[in-house]
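Heads up, the thing below is written out as structure tokens.
Chains as they are written, first to last, in this note's numbering: chain A, 6 to 501; chain B, 6 to 501.
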């Protein structure tokens, strides 16, 4: 075997690792320095990339320098810059230095965290950090490890929903037989994120069994417990089995909040699994002034929120807490011989593979733990409040310009607004929609900012989601100037 | 608003980012330098971590130095070191410098890659790199973008299985009505990974409808097409609907290979969705001498393999190809108004969110692309062959010691072996199992290496999965010496 070692290449040699990594660090730091120079929404056309690269993989190694050059020339122009301070679209995806450091450590150790045995630190730190988060959010003890509940880190809300739906489903099917699957009904509002619909389909419940209950302007698009109860009663009468309710704290379209406590009571009354999706606004609930939106969370079976949105945690990171992990484990556990080990057999340890979909789990708890320690609760609250303050500032600017209106009262850092068709004109939703689409297009095509839209209660509006990590007051002011400027042009060219 | 900016903190300031990141790079490089000093399998006891940290999150920021000190003191002892050159357990999780660089770039840009519009580069590079991989594996054109098929990057095999199962299921349910879900049958061998069982449960098919068809020693634990066809016929007779077949190239327990072409013919005959799971061994198929294991792959509907196992790609990265992406999209697509955009509406672009579970997708294509470019096909083949050569070397060492036996002929870089109870003794499986468990325990508790076990055809054996990135000839030799040493002790103390 003498020839083997000398020929061997060393793809993880520490000195190379260090040197190459530092080059990439500098590259990324430069990217952040220059980020305002790039159009926020990528301006490339479909198919732009293909001609820029060979259509087969290289046969021989290429230099890091060449790769970085190509990223500069061909990849960056095709990015929509989520880290740009002028990104106000969808919801922000907060990168931070701390989040990045945590990702590096996770990727560096590269442990596969499917069971306690495969890295006790990864399992136990996940338990610890989920308890920290639960306390910051003032979740009741039954969601914590000390209270027989617990948290787990998923990649996305959709995964959290799939797993809780499966757990809820299997509890009922065990009792009622598998044929009952076509009778299971899932409740949400018409504002609930599309992940629920997808999750329902994935777990084999007929998509037509989702009740997207109507919401309206007067209630700020929150789900009425009366509407919910009426729907449940109707379904029971028709022979359906009410299974699962998804409430939302901070909907995607307009940031609406469902009344957690009141919905929880209905859910308990009819024995539904009650999940609360606070993907976006959950982060805000670490501030006392927002925590009241979670009042009644003790009535929920599960609760999820995404630190990868507004909690300075680079992708991906979704926190899911459940009051009864056994119901998840019942649905998701597998026990093949090749994964058996003494710890699992005898020591009452957590194997998080049984709390989620994949066996191949990353050690992302480390990332969330670094984010929390590096900032601390006080700074994290400051972070949330700064964004809310900026959003409130933007809202005040909109309110001062009589050509515009704020469509819905702002709750967090999302401002829903639109250009009005004109003071003296009869309300004309079609015209409004046309104008606002043009305005939004004008803003986005300028490359100087990126926002998205939504339609709620038949009203088309523009969403300004304030809260990208690099966004400062000057960016919000710049955005507003840009909007005003484009609005003037749109109104000038408008054909009534 | 004057006070806002001055008070603002800067969690992504480029200079801080660069300085802190480089400290962490040095920390990780030191970890790799020292990795052989740590016990490979963590020796901590359950609950070790809790007393070492406060049970609530810190209120104020902590320094990076303190955090790194804690990782050194409290986290590293609780890691099972998957990157240790003495890690021979499960299957390897190949980290590499290139994979790490790719992860950093992915995390640095931190784009949310759910649709073309949210970063055209991320979508188009994913298409490109999946075509590159398909060509390296010599997948037939219908799996490539030019042939109306295509690839997508998932996080794990389980996700790939859930999505393809859902697609297969919905095609049948659309025809037969949703009630038919209880009649759907999924086929695999008794060697198929537990992900299939989990996936079936997740998508709402009764777990009792999985046929784990028997395999045996004489056929090397590969699934017989005759057994499969007999099972299908029996199910049809009983009123079931054959739905899905999962074949495996390189099973977890012993590296068995199902006969792809022959199984494919049966699958086509009965109109089953045929998925091939090559999570581990797929990487080897970039070498012509292994490619024949995929002969007949043109008969498959989908094919998956995990670069995060044996392809120098840090976690996570699972490649899934399908011949007909429309069937995935049919099952997984969601079209809420707030995600509508001109590109999706009119330009015939890919929105990968409709090819997988989550909406929140990372730009992991960049990582796989960096890995491929940085190494090139020739070096990647060399990497596979080096590991296979080392495994073959280990196998020859086992064969030379008459106290041991190689349980099954090695196909890739996994050696299945065991200590025999003694030459002249009657075969006694219980005794063998006891001896080999003791031997394995002795090796793992020494901290000097980590292997795992499996049971196949009633035979308990030790698995030596050669292929951690840092493993060299001397580690394999050290492992063998350790095994011999522990075996001597085990045999000396054995009570027959």
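Ideal Cβ positions, reconstructed from N, Cα and C, are used throughout, including at glycine.
- Here residue 309 of chain A carries a strand assignment [DSSP, helix/strand/coil].
- The count of Cβ pairs closer than 8 Å, one atom from the region 109 to 121 of chain A and one from the region 366 to 373 of chain A, reaches three, so the stretches are in contact.
- Using a Cβ-Cβ distance cut-off of 8 Å, the region 326 to 340 of chain B and the region 286 to 300 of chain B are not in contact, since fewer than three pairs of beta carbons, one from each stretch, lie closer than that value.
- A straight-line Cα-Cα distance of about 10 Å links residue 243 of chain A and residue 237 of chain A.
- Taking C-beta atoms under 8 Å as the contact rule, residue 89 of chain B and residue 40 of chain B qualify, at a distance of about 5 Å.
- The C-beta distance from residue 164 of chain B to residue 324 of chain B rounds to 12 Å, too long to meet the 8 Å contact threshold.
- In the three-state reduction of the DSSP assignment, residue 455 of chain B falls in the strand class, which pools E and B.
- By the criterion of a C-beta distance shorter than 6 Å, residue 44 of chain A is surrounded in its chain by 452, once the five residues flanking it on both sides are discounted.
- Using a Cβ-Cβ cut-off of 7 Å, residue 187 of chain B is close to 183 and 184 of chain A, given in chain order.
- Flagged as an interface residue toward chain A: residue 380 of chain B, by a C-beta distance shorter than 8 Å.
- Residue-level contact check: residue 108 of chain A touches chain B, since one or more beta carbons of chain B fall below 8 Å from its beta carbon.
- Less than 8 Å divides the Cβ of residue 111 of chain A from the Cβ of residue 372 of chain A.
- Of all residues in the region 358 to 385 of chain B, those with a C-beta nearer than 7 Å to a C-beta of chain A are 362, 363, 364, 365, 367, 375, 377, 378, 379, 380, 381, 382, 383 and 384, reading in chain order.
- Of all alpha-carbon atoms in B/48, B/98 and B/458, the one lying nearest the alpha-carbon of residue 17 of chain A is that of B/98.
- Rounded to whole angstroms, the gap between the alpha carbons of residue 415 of chain B and residue 363 of chain B is 37 Å.
- By the CB criterion at 8 Å, residue 47 of chain B and residue 73 of chain B fall outside the cutoff.
- Against chain A, a Cβ distance below 7 Å from residue 451 of chain B picks out nothing, because the smallest value is about 16 Å.
- Here DSSP, grouped into helix, strand and coil, assigns residue 426 of chain B to coil.
- Using a Cβ distance threshold of 8 Å, residue 251 of chain B and residue 162 of chain B do not count as a contacting pair.
- Within the model, the alpha-carbon separation for residue 482 of chain B versus residue 327 of chain A is close to 47 Å.
- Within chain A, the residues whose beta carbon sits less than 9 Å from that of residue 140 of chain B are 60, 61 and 62, listed in sequence order.
- Apart from the 5 residues on each side of it in sequence, residue 159 of chain A sits with its Cβ closer than 6 Å to the Cβ of 165, 323, 325 and 361 in its chain, given in chain order.
- From the beta-carbon of residue 93 of chain B, no residue of chain A is found nearer than 8 Å; the closest lies around 14 Å away.
- With contacts defined as CB atoms closer than 8 Å, residue 152 of chain B and residue 138 of chain B fail to qualify as a contacting pair.
- A check of alpha carbon separations from residue 188 of chain A across A/175, A/421, A/214 and A/122 identifies A/214 as the nearest.
- Every beta strand (DSSP E) of 3 residues or more that sits fully in the region 365 to 451 of chain A is shown, in chain order, as 409 to 411 and 419 to 424.
- Counting only runs that start and end inside the region 233 to 307 of chain B, the alpha helix (DSSP H) elements of at least 4 residues fall at 265 to 274 and 293 to 296.
- Ranked by Cα distance from residue 422 of chain A, the first of A/337, A/449, A/435 and A/460 is A/460.
- For the pair residue 249 of chain B and residue 181 of chain B, the Cα-to-Cα distance works out to about 16 Å.
- About 5 Å separates the Cβ atoms of residue 92 of chain A and residue 473 of chain A, confirming a contact at the 8 Å cut-off.
- Per the C-alpha coordinates, the member of B/260, B/64 and B/62 positioned closest to residue 95 of chain B is B/260.
- Using a CB distance below 7 Å, the part of the region 17 to 40 of chain B facing chain A consists of 17, 19, 21, 22, 23, 25, 26, 27, 29, 30, 31, 33, 34, 36, 37 and 38, ordered along the chain.
- Partner residues in a beta bridge of residue 32 of chain B, as assigned by DSSP, do not exist.
- At least one CB atom of chain A sits nearer than 8 Å to the CB of residue 129 of chain B.
- For residue 193 of chain A, the uninterrupted beta strand (DSSP E) run begins and ends at 189 to 194, by DSSP.
- Under a 10 Å Cβ-count criterion, residue 343 of chain A is classified as buried, with 16 or more other Cβ atoms of the shown protein chains found around its own Cβ.
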